Structure formats: structure tokens, C-alpha cells
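J.: Sharing a structure below in C-alpha cells format, with a few things to ask.
Protein chains: 4
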Amino acid sequence: MTKLSTQYLEEAIEDSRPFAANGSVNAALPTFDDTMKELLGVTIITPDFKIYRAGDYNQYVPMQSTSKIIGLMLALEDFGKERVFQTVGMEPMGDFFNSISTLEAPGSDKPFNPMINAGAISIASLIKGQNVENRFDRYLTFLRDITENDELQMDETVYKSEIANGARNRSLAYFMQSTGTIVTDVEEALDLYFRMNSVMMCAEDLARVGLFLARGGIDPDGNTLIPAHHLRTVKAIMLTSGMYNASGHYAVEVGFPCKSGVSGTIIGSVPGVMGIGVVAPAIDDKGNSTAGGALIKKLSKDLNLNMFGIENTR
Amino acid sequence: MTKLSTQYLEEAIEDSRPFAANGSVNAALPTFDDTMKELLGVTIITPDFKIYRAGDYNQYVPMQSTSKIIGLMLALEDFGKERVFQTVGMEPMGDFFNSISTLEAPGSDKPFNPMINAGAISIASLIKGQNVENRFDRYLTFLRDITENDELQMDETVYKSEIANGARNRSLAYFMQSTGTIVTDVEEALDLYFRMNSVMMCAEDLARVGLFLARGGIDPDGNTLIPAHHLRTVKAIMLTSGMYNASGHYAVEVGFPCKSGVSGTIIGSVPGVMGIGVVAPAIDDKGNSTAGGALIKKLSKDLNLNMFGIENTR
Amino acid sequence: MTKLSTQYLEEAIEDSRPFAANGSVNAALPTFDDTMKELLGVTIITPDFKIYRAGDYNQYVPMQSTSKIIGLMLALEDFGKERVFQTVGMEPMGDFFNSISTLEAPGSDKPFNPMINAGAISIASLIKGQNVENRFDRYLTFLRDITENDELQMDETVYKSEIANGARNRSLAYFMQSTGTIVTDVEEALDLYFRMNSVMMCAEDLARVGLFLARGGIDPDGNTLIPAHHLRTVKAIMLTSGMYNASGHYAVEVGFPCKSGVSGTIIGSVPGVMGIGVVAPAIDDKGNSTAGGALIKKLSKDLNLNMFGIENTR
Amino acid sequence: MTKLSTQYLEEAIEDSRPFAANGSVNAALPTFDDTMKELLGVTIITPDFKIYRAGDYNQYVPMQSTSKIIGLMLALEDFGKERVFQTVGMEPMGDFFNSISTLEAPGSDKPFNPMINAGAISIASLIKGQNVENRFDRYLTFLRDITENDELQMDETVYKSEIANGARNRSLAYFMQSTGTIVTDVEEALDLYFRMNSVMMCAEDLARVGLFLARGGIDPDGNTLIPAHHLRTVKAIMLTSGMYNASGHYAVEVGFPCKSGVSGTIIGSVPGVMGIGVVAPAIDDKGNSTAGGALIKKLSKDLNLNMFGIENTR
């Protein structure tokens, strides 16, 4: 078995970078263009806080859908599992039937899971606070605590772009209002959701989220920020639903919890073993980073991280 | 942490048995009636072949949908991963949209995964052999090898019942013929599928299938029957899709690969740790054993088996 | 064959009124309650302007979905057939798959037809004017011209209720913005749509709309307000799609163009023969007036109005 | 207004023939190939039995889906309206959601209408007779009576081709068996359906079916074969649903009941005015004859046949 080292990681990066050619940069995001196509950065942190970095690990991008797992953690902390899953389901689905049709499906009184947009918006509607600024502050504080990065903040241009391109999400949110899934102010839930997606992060920030999950909710100072059982829930849902319509593919080919964003972000979390953060903007037609996906598949294989294997790293 | 013992298992059984009241026995199966409602049997086998039994562990029932993982293993062995997943997908779905609608969904040129009926029938159409008897013989031999039980056989009454009640599966199969997913004889694929579901098994037989997966494809004599990487694939698909429309729920609440059948069967497999077999005929409206489901949730918690936890049994 | 007379109409009313018991009054509408359940008013006007009235013909109610045919006429006048049907289809559908799912259906780049809410909102987005007040003025002027009733106006309480209960329509509208079906201001299109539904009308007003269609777009003074070919289009779409999910039933049982609203309104139009207006607030689960529906079925039969018959009134 | 004459019809044919270029010949039908692309034949018969013919009016082709209206008439005669519409609905739908998905739609306990394949197969399952030969004899006798053509018969090659290519229809039929919509032998219903589609007809035969409907069920000798009210039902359903996914388009552009088949057949029926038969094999992607469709649109306009017009031919 390969041993994790910075040198290994640098080689893995070079092996994976060519897969960028199979994807394209999401031009809907401000400042994103083809010059970013070959970017690939990775950071891995182990439970003893050893850090391995390679490639464009300093590249900051909007966190996009990786925000969904942060929102879910915060809602679980605020309300507990029972209440949260009255608002959103936990069954995998992808967007095969497009998320709005699934909201109308017979017997579906709520979004299928917190990893699809409808589910994440309903989760955002739960997050406590006096107003949207206050609610976002709580999100940001939580995220800074997890990542130990007090500099994290929202990018105004990205936020405005989210609003401007938000018609589909607005449609989902009003649909959920019409069915009673969202009972708070719809525009405020959307506003919060757009802000959450607009926080800028680099590979190390993402890796620290993965590590937080891998360590079971204990922050670097040894404080339990979130009970471990809530994080088991988050990791299970990441494995079944975290990679859009390719979640099943990644469950098979990678075999540990991951969450991706259309900015080319991936958070990976191997329970008890490591947190992984990847930034590589070229994405495939399902929304997953192509070079980033190739890299985590390689890491899983080389470092024996697949949870369904008999003997993994542990 | 609780230690696994026969005494513990007997107590766990009694704790779980009352959940039978929340389910009902599948009267469509021959000889199944309300007198079976309270039955609950379990067997657990560890990689060193220690066996723990409790309750109605001698009760034989048709294996029903637990056959889907056997069929998948055999197809992977016969054709390899690439070919098999040209015929069937690996994305989770459940039957939320009923399996026949999903076959018509835009862009779906094949069943979503091998755990839904359409996927399992397409897998059955792949299994090699001169004729249906020969193909079923291969299935049965493989199953006997895995379980070390040469007595395993199909029940004729169950098989005839499967045929008589097979209209929906026949509809699925002809639909797949019409789209080119099934290219072999449809009636023969259905016949094989009905036979596969009709093999009678008890909790120990089911546990041995779980153990075979947990040990990575090595039979009791140390021979590799199926490469370990194929079994990682099977286990990942069980975790995302093995428990019908409650697969996500079981991923969260149990956290290791399981597959259920409407006869009240459950196969559980904790990689490197144990195989679990359960028989408890009262099922819920999703098709999963109620007492059986309660039992594996309890086992996961008490024995620390959840793969998404920081420290599991390993 | 029965001859149309006021006496006949009064008898027909009494025969039909008991069908109110099969329906219920739409409590979502302001001032609507069970005391209105037995109301049944009808007015019939022939091309030579003979008027027949019976029952509660003076009862004013919000026109609700009968506005859809007025909006369609105005859009056809403003833009012509080709442009209008680039924005909305002309295929019957009902809401069997709920209107938002149909917007996502493969190949559906626009709402199925102008009689479903999504289609009517997209039509409203087309109607010309500087602002929403001006656009609504044009609608109201057109409606007053057709009905020769200068008193027609919007009810403020109904309008506010439409806004307050508009989440589903808002969801539809934003969905259409996200797909490019609506290219003008969404909130303005919705505002106009809500106003259109809130105009108060009685049976005679509704009958005059039916007569306008039946006379091919010629107003009482002999002026052509809308070309006859546009009205043929409107009548054909009413016949295939005007009665919600029971449009096919009414095509068979009534056999001439009708449009209903959930306030219990029905506009009937027998080309060249008569316009019919009905108000009867008790509606069935599809949204059609029960007593009103019974009445137009009786009229069709007694007065030989079914267009699919060999010899109708003409 | 243009007067109907053979000369007019010959000119109309030549105007319409170029539209064949927009379609293609259905190569799935035996003997159908590109040499048939330009064929266009029409026959019109008025209630006084004046016959007008033009173009390839002698060309025989399989009647295909035009059989659906014959089957519906026979079932109405055998069982009456109430019983027939317990088995099949009367709401328009097309195949927008593909016919098998619509069978699974919430609340749809039966096919939407008799013009989609599922509906026609369920209708075939109703037709009385000791066995399939006997049932088909009744169908053929009825068809010969209507058309006054004792030579009509099934083509064996077409019938065999229907069986060989029948997987989708078989899937639909078994689906309906699984839901209890079809309670008789599925294979026999399919066999009858395949035979029904395989009867060879020319434009005059088709025109006589249209005339039979237009005359309200009275055969040339003045006998009432089918009550007029049953034929009103058939004509209404043809108007809303007879032209596949373009039924709404034809309701608007033609405005009288039509039924098409993928062999390029069209039956038109203007109540009280005429029957029209068209054969023109090049079909569009919805299944309707392109040149044939152009021709009936032209006939409707030139001869003032649109039922939604103020003054039609009557």
C-alpha cells in the first residue's frame, strides 16, 4: 500500500490533472473562465493534524453546494434529527427527475434529501436567527470554527450572481411554500441559501470540513461542536447523495463520503482517517469536478480508503 | 461497548420482536400467513467463523430479493464490471417513481441499479448457461458454495406462485426488450429470475452470504471465489439501494450494507467484521422486515457497527 | 326537440340544482362559504340577442379561470397566432401530472396549453402595456367591450387573496423564467394574472363572452373586435382543455366549447348558435361546478347542441 | 367558398404532395420503403353517397391505429358506454409522458383514453367472442359492413411483423394485467390487437368509416348499426385525442374529428357533411402523415369544414 506523503500527493495531482480536459468551467460563476480549467489543488489532513498539500491548494473559489453539509450540520444542532427530517427526507434520488418533479411525486411531502437544492433550501429555512444577516453570521461563525479560518467570508459578486440566476431555486422555494414544507419567509430562506453558497474557500478549508466530520465533531481544541451521531448522519447522506447524479458511481469507485460543488469543489471524509479538500473547476455534465473526481478515486485506491474494502487504512 | 454473545443476541431478539406488530406478513407468498408474524430469527458469523444464533434461526423462507446480490455477484464474475454496468446503472433510486416509469425517464437507457426488479431481471438475462435449467444450476451451485449448504434448493410452490403473480415483472422485462436493454430471451430471463427468488433459506444461510461479502470473497477453505473489488461494488450498492425506498434511512440508522426481501429476509454485511442473517416475516409498506429492521438498528448501535462512526468494531 | 324558452330554462335549473350536493364551495375565495352552495344562475343569449335568464342570474362571483380565454384572445390580437404559440402549446393535458411536472417533461419547452395555470401566466406575460395597471386596463376594456358591461371591475379583496395564496403560481412563473419561457418581469405577469382572475361577473356577463365567441368576434354593433380565425382557435382549445381534468368528459357529454372557473363559473359557446353563462359555486374535485356541469349537459341534450351530433340546432 | 369536386381534389392533392418531403416512411412496416414516400391518395364521400377520388386512392396499406376507432365502436356496441369507460378513460393525453408512465400516474387506474395503445389494447380485451379468431371475425365483419367492402382482410406479413415488434405493447398489456385493468387473457388481447392493425385498407375504405361516423351510424341501406350517441362519443374522442401528440394542433387547424395511423392513414369525419379517407405514407415524428395532414388542413379551410367556425358547410 502506498503511504501518504506530500511527494505522493504531488504525483497524484499530475496523474489527475489531464482529466480536466473532460470537463468545462462553469461560466455562470463570476470570474470563472477557461483560464481556470487546469487548476487542481488538494489538501489532506489526518486526525493528528498532519497536513499534506499539493497543486493549486491556495486557490479560493465559492464553496457552492459543499455548503449543503454545513447547513445540515447547523440545522441538526439547532433542531435535532427528528425535526430536521420532518422537513426533508434522507432518501437518495439525484436529480434524475429534476428536483421540482420529485417535489410533486406521489407521497413526497418533502424534498427527498438535504443534498438536492430543494432540500438545502428547506434546511436553510430552518436555521435559527433574528434575520438573514444574523442567520448567516451563525453559519459563517460555525464554518470558521470548523475550519479554524477566521478570514472566511462571502464574495459579494458571487452572491449577487446567485440572486440574479436564482429563478429555478426561487421556483423550488415557492413550490415548497405552497405545500407547507417551508413555513418561514421564502425570500429570506433563499437569501440565506445564496449567501451560504457564496463563501470563498480553498482546498485546505474544505479539507478541514472533511476532517471535522472524520473526527466526529471534535474541533482542534478538543471541544465537541456537534455530537458524533449527527455527523454519522451527515456522512451517510454524503455517501448516498453527495455527488449529484453520480453519487452511486462515487459510492462504488471511491467508497467514502464526499460532497461536491459546481465550482469544482469536493469535500471528502474518511471516518477516523482523514479529511480531503479538492479544488479543480472543470466539471462534467453531472456537476462534479473531472480532475478532482479522478484524484479522489486514485486516493481511494492507492491509500486503501474504500470503506467497503475488508481492510482499510484503519 | 456491548460484546457480541449468544446471550446478548437472545436479549436483542426479545427487544426487537414487538416491532413485528408494525408490519404484516406478505400473503402473496405461499404458506405465508399471520401465524408467522411473530417469527424472528438471527444468525451472526464473524470472520473467524464463530457463530451466534438466536430466536427462529431455523425458519426457512424464500430468499426473495436477497437473490439480487447473488445474481449481481455472478454477473460480475461472468462479465466483469464494465459489461454489467452497460446493462444496468449503479445510481440509487428506490421505486419512488415506480420502476417502470424510471425506465422511461429521459436519458435512462437502462434500469437505475441492480437492486430494483428491472435491474435484477436485466442482470438475470446476462447470467451464462445453455438454458434456464443450466443457468439456474450455476446460480444454485454458487449460492451453495458461498453458504456451505448443499441442501439449498428452490421451492416449487413458491416458483409457481412467482410465475402466476409475475405480470408486473413481465411488463418490466418486455419494456426492456423494447428498448434493447434485454437482448436475450425475455421469458427465459424471467423464468430464471423467478427461480432465483424461490430458493429457501434460513438466517444462517443469509448470514453466510453476508460473511462472504465481509471477508471479501474468500470461501471458508480460503479460496477466492470472487475478486474482492467486485464485492466492494456489491456492498456499496447494497448500502445506497439495498433496502427499497428506505435505503437512505438504513444508511443513516444502520450504516453498513444490507439487502432485504419481502419474505422478511435481511442480509447484513459489516466489512471485515461480520455477516448477519435475519428472518422475520412481518414487513412494512416499503417491503422491509419491521422486527428485523429494528434488530439490525440495535445491533449497529450496541456493537458499534456503523461504518460512518469514528471507531467501529474494527 | 325541446325549444329554448325562459320557462324551459327555469325547469332545467331546478333539475340541475340538486347536483350542488355533490360539490363543495371553494372556501379559499373571500366571502365564499356554504350559504352559497345551492346558488345556480344561468343566462343564454342567441346571435339575434334574445336573452333567457333563470335562477340566480344576478349573482356576481370572481371570474377565476374563465379569464384564461380572455387573456388568450387579447394575446392573439396583440401578437398573432404564431408568436403566441411559441410561448405556449395547444395540446390538451389537464393537470394529471400537475402543471409543474409537465413543464419539466422531456421536450416540453413551454406550457402545454393556455388553459392550465402555467400557460395562462405565460400568456399574461405577453399582454402589451407600459405597466401592470395599463395592461390590466386593456384587459378590462376588452372584457367590457365584449360583455357590453362598463361596470365590470376587479374586487380588491379577491385580488389580495390571490396574491396571498399565490405561492404555487409564483413557483410556476419562476420556473418559466428559469427556462426562458417568460422573458418579461415575473412579478408583473403574476400581478396581472391575479387581477384578471379577480374581475367580478354574473351569468349574463359570462354568456356574453360565450356569445362573442359564438358570433365569431363581432360585437353587438357589428364591429369585428377579433378576427374569427382567432376565435376558432380559442374555441377548439376550450373544447379539448377548458374543463380541467374533465375536459374529455365534457367533450363527450356536452360536445361544445366550455371554460370553467373554481368560483363555479362556466362559459359555454355553441358556434353560430348561442352563448351560455353559468354561476353555481359548488365545485367537484376537478374544479368544475357540479350543478353547472349538470345543467350544460342537460342543455346540450335537450336543445341538441352537441357539435358531434349529425344535426345540431343549426 | 370552394365547391367540392374531383377537379378541386386533384388540385388539392398536388398542393399537398410536396409536404411528403417533411416526413419519412415507417420502415418498421413490411414492404414499406422510400419508394412509397410520394404516394398520396384521397377519397371523400358525402351523406348522399357522392364519391370524389384523387391521387393514389387505390393504394392499400395496413390500417394501423385507425383500427382504434373501430374497436371502440364495437366495444360500445357490446358493452355500452358505462362499462367501456370503466376500463378506459376519455381524457386527452397523447403520449407526452409515454404511455407506460401514464399508466402509473397517481390516480390513474386505467389508460387515459382509447386512442393510446394501452387504451386500445384494453378495449381489444373487451371485444366479445369464443376465441381470438372468432373475436377478430366479428371485428372484420363489422368493418366490412361499415365500408361495404367484403374483400377487406388482414395481411399475414403485417400481422407477423406486429407480433415480432410487439414488445412495448406486450409490456403495456402485462402492466394492465398487474393493475387489474385487463382481466382476460393478455396474449389473446394482444393477438386480436395485432390482427386489427393488420387489415389492409385504401382511401375509400377509410372514407367510408368517416362517412359512417358522419351519418350517425346508419349504413347505406338505412339500417342503424350503432346508436348515434355512441358515435358522438367516438367523434369527440377523435377530436381531442385522435392525432397522437398533435391532436390539439389538428383540433385548431382542422377542427373536425380525425384519426391517424403510422402507415400514413387518416380518417376524417365531418358530422352530417362528409367522410374523408387519406393514404400518404410519409409520417412526421409524431406519427401523422405529413402530406395527408397538409391535405386535410387545406380541405378544412377551402371547404369551410371547421366545426368551430360560425358557418360551416352545413
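Chains as they are written, first to last, in this note's numbering: chain G, 2 to 315; chain R, 2 to 315; chain V, 2 to 315; chain H, 2 to 315.
Glycine residues also receive a C-beta, built at the ideal position from the N, C-alpha and C atoms.
Note that the coordinates shown come from a computational prediction; the quantities given were computed from them, not determined experimentally.
Give a yes or no on whether 9 Å exceeds the smallest Cβ distance from V:F176 to chain H.
T.: By this cut-off, V:F176 is not an interface position.
J.: Whole-angstrom Cβ separation of H:V159 and H:L30, contact assumed at under 8 Å?
T.: With a Cβ gap of about 7 Å, H:V159 and H:L30 count as contacting.
J.: Are there 16 or more other CB atoms within 10 angstroms of the CB of H:T44, so buried, or fewer, so exposed?
T.: Buried, since its Cβ has 16 or more Cβ neighbours within 10 Å.
J.: What residue range is occupied by the uninterrupted alpha helix (DSSP H) comprising G:V133?
T.: Run containing G:V133: V133 to T148, per the alpha helix (DSSP H) assignment.
J.: Quick one, are the C-beta atoms of H:S179 and R:S172 less than 9 Å apart?
T.: A contact, by the Cβ cut-off of 9 Å.
J.: Who are the neighbours of V:M116 on chain H, taking C-beta pairs under 8 Å?
T.: Near V:M116 there are no residues of chain H at all, since even the closest Cβ is about 10 Å away, more than 8 Å.
J.: Sorted by chain position, which residues of the same chain lie with C-beta nearer than 8 Å to R:A13's C-beta, five sequence neighbours on each side aside?
T.: The answer, listed in chain order, is V43, A55, L296, K299, L300 and D303.
J.: Among R:A121, R:M64 and R:P272, which has the Cα closest to the Cα of R:G256?
T.: When each option's Cα is compared against that of R:G256, the closest is R:P272.
J.: Please list the partners that H:E105 has in chain R, where partner means a Cβ-to-Cβ separation under 7 Å.
T.: Those within 7 Å of H:E105 in chain R are N99, I101 and S102.
J.: In the segment 195-276 of chain R, which residue ranges form an unbroken alpha helix (DSSP H) of at least 4 residues, counting only runs that do not cross its ends?
T.: Counting only runs of 4 or more, we get 204-215, 229-242 and 248-254.
J.: Would you give the residue range spanned by the beta strand (DSSP E) that R:I52 belongs to?
T.: Looking at the DSSP string, the run of the beta strand (DSSP E) that includes R:I52 is I52 to G56.
J.: Beta-carbon within less than 7 Å of G:S17's beta-carbon, same chain only, minus the 5 sequence neighbours each way: which residues are those?
T.: Closer than 7 Å at the Cβ level, and outside the excluded window around G:S17, lie L41, A292, A295, L296 and K299.
J.: Once DSSP output is grouped into helix, strand and coil, what is the label at R:V43?
T.: DSSP places R:V43 in strand when its eight states are reduced to three.
J.: Please return the same chain residues whose Cβ sits closer than 7 Å to the Cβ of V:T3, not counting the five positions on each side in sequence.
T.: Excluding positions up to five away in sequence, the list reads Y9, D303 and L304.
J.: Pick from R:T32, R:T142, R:E11 and R:K69: whose alpha carbon is nearest that of R:K260?
T.: Selected option, being the one with the closest Cα: R:K69.
J.: Cα separation between R:N118 and G:P93?
T.: Each residue's alpha carbon lies about 18 Å from the other.
J.: My assumption, with CB atoms under 8 Å, is that H:A283 sits in contact with H:K82. Please give the rounded CB distance.
T.: Not really, about 37 Å apart at Cβ, beyond 8 Å.
J.: If distances are taken between C-alpha atoms only, which option among G:M177, G:L153, G:V200 and G:A125 comes closest to G:S1?
T.: In the structure as shown, chain G starts at 2 and stops at 315, and residue 1 of chain G therefore has no counterpart that could be examined.
J.: Could you pull out every residue in the same chain whose Cβ sits closer than 6 Å to the Cβ of V:G243, ignoring the five residues on either side in sequence?
T.: Excluding sequence neighbours, V:G243 sits near M116, C259 and K260.
J.: In the segment 146-169 of chain R, which residues sit with their C-beta less than 8 Å from some C-beta in chain H, listed in chain order?
T.: Those would be A168 and R169, in chain order.
J.: For R:M155, which three-state DSSP category applies?
T.: Note: R:M155 maps to strand in three-state DSSP.
J.: Can you give, in chain order, each stretch of the beta strand (DSSP E) that sits fully within the segment 66-133 of chain R and has at least 3 residues?
T.: Counting only runs of 3 or more, we get nothing.
J.: Do R:F20 and R:S264 come within 9 Å of each other at the CB atom, strictly closer than that value?
T.: Contact: no.
J.: From the beta carbon of R:L173, is the nearest beta carbon of chain H less than 9 Å away?
T.: Yes, R:L173 counts as interfacial toward chain H.
J.: Could you confirm whether any beta carbon from chain R is found closer than 9 Å to the beta carbon of G:G223?
T.: Cβ-Cβ to chain R under 9 Å: no for G:G223.
J.: Tell me which same chain residues have a C-beta within less than 7 Å of the C-beta of H:R145, skipping the five on either side of it?
T.: Taken in chain order, the residues that qualify are D151 and L153.
J.: Could you confirm whether any beta carbon from chain R is found closer than 9 Å to the beta carbon of H:S1?
T.: Coverage of chain H is limited to positions 2 through 315, which leaves residue 1 of chain H absent and any answer about it impossible.
J.: Closest by CA to V:R169, which one among G:Y175, G:I164, G:A165 and G:Y53?
T.: It is G:Y175 whose Cα lies nearest to the Cα of V:R169.
J.: By the 10 Å Cβ neighbour count, where 16 or more other Cβ atoms means buried, how is H:E157 classified, buried or exposed?
T.: Its Cβ having fewer than 16 others within 10 Å, H:E157 is exposed.
J.: I want to verify the contact list: residues of chain H whose CB lies under 8 Å from the CB of V:T241, in sequence order.
T.: Per Cβ cutoff of 8 Å: P93, L240, T241, S248, G249 and A252.
J.: Can you name the start and end residues of the alpha helix (DSSP H) that R:N170 belongs to?
T.: Residues A168 to T180.
J.: Taking 9 Å as the cut-off, decide whether the C-beta atoms of G:G288 and R:G90 are in contact.
T.: Contact flag unset, no.
J.: Taking C-beta to C-beta, are R:G262 and R:G211 nearer than 9 Å?
T.: Contact: no.
J.: Looking at chain V, is there any beta carbon in it that lies within less than 9 Å of the beta carbon of G:V187?
T.: It does: the Cβ of G:V187 has a partner Cβ on chain V nearer than 9 Å.
J.: Is the CB-CB distance between G:I238 and G:L193 below 9 Å?
T.: The answer is no: Cβ separation not under 9 Å.
J.: Tell me, which residues are paired with R:S25 by DSSP?
T.: R:I284.
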